[in-house]
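**Student:** Numbering follows numbering that gives the first Met the number 0, with no gaps: position 217 of the sequence shown is 216.
Here it is, the structure in full.
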Amino acid sequence: MNQSLEKLKKLRGRTPDELRVRGAQMLSARAERYGLTGGARIPTDAALFRLIDEKQLKPSASSAESLIAHFRARTSPRFFASLVNREETMSELVRRFGPSAGESVIARARRICEGRFDLLGLCDLEFGTPPDFHLEPTSGKKSPLIHWSCFDELGTDLTGDKKIVWELNRCQYFTTLGRAYWHTLDEAYARAFVAHLNAWMDQNPPKLGINWASSLEVALRAISWLWALYFFRDSPHLTPKLYFRTLKFLYLHATHLETYLSTYSSPNTHLTGEALGLFYLGTMLPEFRAARRWRATGERILLGELSRHVRSDGVYFEQSSYYHRYTTDFYIHLYILARANGERPAPLLEEKLTALLDHSMYITRPDGTTPFFGDDDGGRLVMLDESAPNDFRSALSTGAALFARADYKYVAGGATEETLWLLGREGLASFDNIAARSPENSSRAFNDGGYYVMRDAWSPEANYLLIDCGPHGALSCGHSHADALSIEVAARGRTLLVDPGTYSYTGTPELRDAFRSSAAHNTLTLDDESSSVPGGPFSWRSVATASAHDWISHHRFDYFEGSHDGYTRLREPAAHARSLLFLKDDYWIMRDRIMTVGSHRYDLRFHFAADARPTVETGSAAPVVRESKIDNPGLDLTVFGKDGGQWRSEEGWVSACYGQRSPAPI
């Protein structure tokens, strides 16, 4: 009752349409809880056949055996090109990436068969064999089998860290088993897939349990199941009975998505991810009478949200590089699936998708990795390669093949396995036909998104600096950090000054706030305060407004100047301004100014990467913080001024992926 009252309070000031949608969702959930709707039950065999349009079946299907025969024989709709011909795809994979290309995925698949999982930044998690899909192994908590609407979205008392539970239940490891199966044709991987799929359906009755509580998770799981069905389509372990049962659950996934879209609750990547799930289901299961509606709804939402989610310069509106990656992947999959099935993608889709890719290209560091500004979710849309969490170049590789972009190919550094799985052998041929060329400019301003990239070359030994001077985020700014005017730096190709990442959303509130505080970023703090102040795991009590005042980019130098008002809330108000001059292939000069009539304590922190080893050298007039190697000059930090302050060393943390953290020097 208390949760219902809280939800009602939140409805104050909402539009009539929002009240209608939210009200309908609340009533539907209540009807499910009390068994007043058929949507909370698995369709009977007869009911499932009534949901199928026989005109879509060739020949007409009246049994589970005929349904799976139809699935195995059909040539339309078209899925991703690589899944059409196993021999052709695996031959290309080995030719392109070498005979050892499958070793890593096979090793992971074997460990999955043994009940050991690497999820997010966590290794060797044990859920049992087959998995207990309600267990959160780091806390030992097991979610109860209650109606999905009864769970507290942010609470951990019943569930532990939901991110960990949900990551398993996305079933994205099914593609790991599938890829290993295609490498080896070892039916052990098919048996594991079948056992886990059956276990999931046994343990998760319709609408009961934590795994129905997030529509985004429902969507991503449905996408994973569709990929898995294609990987194991010809295995004898994918029986007519299992396929028939899976269709029932996929139908329930689709109707759940239709009913509980995050149109007003989370109109960000939650909504677009759910829409992509509907588009997938509607495209790849045309036998259902509702399929055309699912597909149309998904596509309408995805195209409708493009201009709101993607700023004019291609920056994703939540100010998070990881959610920018999610958004890019969502629209790449939409583009490929739509085109494969005879649809000409909308011009706006190509325009915004290439803008997203442009931003990803320019923020890529000399070592090929991407900074984690804003929240790092740790997940993927589909697991199709073994790349590191901060390596986003697969999207550039695929974008190069799709749009014949020489600059994407150059920064991608080569075709990736993910590109092969998405586009097939012909896609890699398109990639090969492009003559790689470095981007036209080395530096780039993203004025709308507020990111400014200084770079002196596109070589692996380049110098690179990224400065954040954009909006704090979008909506409730749930995935933003207090990183106004923060910088990231790579010197001579080595990534040295970094954003700390995220580590956890709800597991430890203190660490959640610590990782997104200003003190955890390469910016200046006043009186140990953050420029923006958290109000909860995904909300803020006070938000800084950042403004860029000047940007000049020249072949010899770059110059930036900006400020933020995050400290004007203090009893003795202050404003912070930062300017940066980059003499390319030489050095940066950074100037911080505090405009105030009060007295404050200032701290300027430099967060080094976990593998960096900075030292303070005091032999000269101005002490120097030096991080260098014998074969690499590295980076020196020196403070100039009447009062240069005092250097001190601290130990901080860097999270390379959600759930994992490593000590790092400050």
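The C-beta atom is built at its ideal place from N, Cα and C for all residues, glycine as well.
Treat the numbers as computed from the prediction; the structure is a model and nothing was measured.
#1: My parser needs the beta strand (DSSP E) runs of 3 or more residues fully inside the segment 82-140; what are they?
#2: Can you check which of these residues, Ile-67, Leu-347 and Glu-417, is closest to Leu-380 by C-alpha distance?
#3: Looking only at its chain, what residues have a beta carbon closer than 7 Å to the beta carbon of Ser-437, apart from the 5 residues adjacent to it on each side?
#4: Within 10 Å of its beta-carbon, does Asp-521 have 16 or more other beta-carbons around it, so buried, or fewer, so exposed?
#5: Name the DSSP beta bridge partners of Thr-578, please?
#6: Thinking Ala-525 and His-606 are a contact (beta carbons under 8 Å), I'd like their distance in whole angstroms, please.
#7: Is it true that the CB of Arg-454 sits closer than 8 Å to the CB of Ser-691?
#8: Count Cβ pairs between the segment 414-429 and the segment 85-105 that sit closer than 8 Å; are there 3 or more?
#9: Where does Val-488 sit, in a helix, a strand or coil, going by DSSP?
#10: Work out the CA separation of Pro-508 and Met-0 for me, nearest whole Å.
#11: Assign Met-0 to one of three DSSP states: helix, strand, or coil.
#12: In chain order, what residues of the same chain lie with their CB nearer than 6 Å to the CB of Ser-429, ignoring the 5 residues before and after it?
#13: Helix, strand or coil: how does DSSP classify Asp-357 here?
#14: In whole angstroms, what is the alpha-carbon distance linking Thr-88 and Phe-79?
#15: Measure the alpha-carbon distance for Ile-665 versus Thr-363 and round it to whole angstroms.
#16: Could you tell me which residues DSSP pairs with His-146 in its beta bridges?
#17: Tell me the DSSP bridge mates of Cys-656?
#18: In its own chain, which residues sit with a C-beta less than 8 Å from the C-beta of Glu-571, not counting the 5 before and 5 after it?
#19: Looking only at its own chain, which residues have a Cβ that is under 8 Å from the Cβ of Glu-113, when we skip the five neighbours before and after it?
#20: In this structure, how does DSSP classify Phe-192 when only helix, strand and coil are distinguished?
#21: In the DSSP assignment, find the unbroken beta strand (DSSP E) run with Ser-552 in it and report its ends.
#22: Leaving aside the five residues before and after Gln-24 along the sequence, list all residues of the same chain whose C-beta is less than 8 Å from its C-beta, in chain order.
#23: So, is Val-497 buried or exposed, given that buried needs 16 or more other C-beta atoms within 10 angstroms?
#24: Just verifying my parser: in three-state terms, what is the DSSP assignment at Asp-635?
#25: Flag this pair as yes or no: are the beta carbons of Leu-256 and Ala-218 separated by less than 8 Å?
#26: Taking Thr-494 as the reference, which of Asp-467, His-252, Asn-462 and Phe-243 has the closest Cα?
#27: Provide the residue span of the beta strand (DSSP E) that contains Met-283, from first to last.
#28: Cα-Cα, which of Ala-609, Leu-582, Gly-449 and Asp-160 is closest to Gly-506?
#29: Jot down the residue ranges of each uninterrupted alpha helix (DSSP H) in the segment 405-440, minimum 4 residues, whole runs only, in chain order.
#30: Can you check which of these residues, Arg-604, Pro-388, Val-638 and Arg-625, is closest to Ala-655 by C-alpha distance?
#31: What does a CB cutoff of less than 6 Å around Phe-329 pick up in its chain, not counting 5 residues either side in sequence?
#32: Quick check: what's the CA-CA separation for Ser-667 versus Arg-515?
#33: What residue range does the beta strand (DSSP E) around Arg-294 cover?
#34: Please work out which residues of its chain come closer than 7 Å, Cβ to Cβ, to Gly-492, disregarding the five sequence neighbours upstream and downstream, and give them in chain order.
#35: Within the continuous alpha helix (DSSP H) that includes Gly-398, where are the two ends?
#36: Under DSSP, the alpha helix (DSSP H) around Ala-63 begins and ends at which residues?
**Tutor:** For this structure:
#1: 115-118 and 121-125
#2: Taking the first residue of the sequence shown as position 1, residue 380 is located at position 381. Ranking the options by Cα distance to Leu-380, first place goes to Glu-417.
#3: The residue labelled residue 437 in the question sits at position 438 within the sequence shown. Contacts found: Asp-406, Tyr-409 and Trp-457.
#4: Counting from one through the sequence shown, the residue named residue 521 turns up at place 522. With the sequence shown as reference, residue 521 is identified as Asn, and Asp is not the correct amino acid for it. That one is buried.
#5: Taking the first residue of the sequence shown as position 1, residue 578 is located at position 579. Note that residue 578 is Ser in the sequence shown here, rather than Thr. In DSSP, Ser-578 forms a bridge with Glu-560 and Arg-590.
#6: Here residue 525 is taken as the residue at index 526 of the sequence shown, counted from 1. Here residue 606 is taken as the residue at index 607 of the sequence shown, counted from 1. The amino acid at residue 525 is misidentified as Ala; the sequence shows Leu. Actually they are not in contact, since the Cβ atoms of Leu-525 and His-606 sit about 18 Å apart, beyond 8 Å.
#7: The shown model of the chain, from 0 to 665, leaves out residue 691, and the question about it has no answer.
#8: yes
#9: For the purposes of this step, residue 488 is taken as the residue at position 489 of the sequence shown. Three-state DSSP puts Val-488 in a strand.
#10: Position 1 of the sequence shown, counting from 1, holds the residue named residue 0. Position 509 of the sequence shown, counting from 1, holds the residue named residue 508. With a pLDDT of 47 at Met-0, under the threshold of 50, the predicted position of this residue should be treated as unreliable, and no value is reported.
#11: Reading the sequence shown from its first residue, position 1 is the one you call residue 0. Caution applies to Met-0, whose pLDDT of 47 falls short of 50 and renders its modelled position unreliable; the model cannot decide the point.
#12: Residue mapping note: residue 429 aligns to position 430 of the sequence shown, counting from 1. Result list for Ser-429: Ala-400, in chain order.
#13: Here the question's residue 357 lines up with position 358 in the sequence shown. Reduced to three states, the DSSP call for Asp-357 is helix.
#14: In the sequence shown, counting from the first residue as 1, residue 88 sits at position 89. In the sequence shown, counting from the first residue as 1, residue 79 sits at position 80. So the alpha carbons of these two residues sit roughly 11 Å apart.
#15: Position 666 of the sequence shown, counted from the start, is the residue given in the question as residue 665. Position 364 of the sequence shown, counted from the start, is the residue given in the question as residue 363. Cα-Cα distance, rounded: 23 Å.
#16: Within the sequence shown, the letter at position 147 stands for residue 146. Paired residue(s): Leu-207.
#17: Counting from 1 along the sequence shown, the entry for residue 656 is found at position 657. Cys-656 pairs with Gln-659.
#18: Here the question's residue 571 lines up with position 572 in the sequence shown. Once the five neighbours on either side are set aside, the close Cβ partners of Glu-571 are Thr-595, Val-596, Gly-597, Ser-598 and His-599.
#19: Against the sequence shown, residue 113 aligns to sequence position 114. The residues are Thr-128.
#20: Numbered from its first residue, the sequence shown carries residue 192 at position 193. In the structure shown, Phe-192 sits in a helix (DSSP, three-state: H, G or I).
#21: As a working note, residue 552 is residue 553 in the sequence shown. Counting along the chain, the beta strand (DSSP E) containing Ser-552 begins and ends at 545-552.
#22: In the sequence shown, the residue the question calls residue 24 occupies position 25. Closer than 8 Å at Cβ, skipping near neighbours: Thr-258 and Tyr-259.
#23: Taking the first residue of the sequence shown as position 1, residue 497 is located at position 498. Counting Cβ neighbours within 10 Å, Val-497 comes out buried, since at least 16 surround it.
#24: One-based indexing of the sequence shown puts residue 635 at position 636. The answer is strand: DSSP assigns Asp-635 an E or B state.
#25: Start at 1 with the first residue of the sequence shown, and residue 256 comes out as number 257. Start at 1 with the first residue of the sequence shown, and residue 218 comes out as number 219. Yes, Cβ-Cβ distance for Leu-256 and Ala-218 is below 8 Å.
#26: Sequence index remark: in the sequence shown, residue 494 carries index 495 (1-based). Considering only alpha carbons, the answer is Asn-462.
#27: Indexing the sequence shown from 1 puts residue 283 at position 284. Looking at the DSSP string, Met-283 is not in any beta strand (DSSP E); the run it does join, the alpha helix (DSSP H), is 268-283.
#28: Here residue 506 corresponds to residue number 507 of the sequence shown, with the count starting at 1. With distances taken between Cα atoms, Gly-506 lies closest to Asp-160.
#29: 405-411 and 416-431
#30: To locate residue 655, count along the sequence shown from 1; it is residue 656. Nearest C-alpha to Ala-655: Pro-388.
#31: Numbered from 1 along the sequence shown, position 330 holds the residue referred to as residue 329. Correct list, in chain order: Thr-271 and Leu-275.
#32: Because the chain here runs from 0 to 665, residue 667 falls outside it and cannot be looked at.
#33: Stepping through the sequence shown from its first residue, residue 294 is reached at position 295. Element bounds for Arg-294: not the beta strand (DSSP E) but the alpha helix (DSSP H), 290-308.
#34: Stepping through the sequence shown from its first residue, residue 492 is reached at position 493. Only Pro-365, Asp-366, Pro-459, Glu-460 and Ala-461 meet the Cβ criterion.
#35: Start at 1 with the first residue of the sequence shown, and residue 398 comes out as number 399. Looking at the DSSP string, the run of the alpha helix (DSSP H) that includes Gly-398 is 392-402.
#36: Here residue 63 refers to the residue found at position 64 of the sequence shown. Per DSSP, Ala-63 belongs to the alpha helix (DSSP H) from 63-72.
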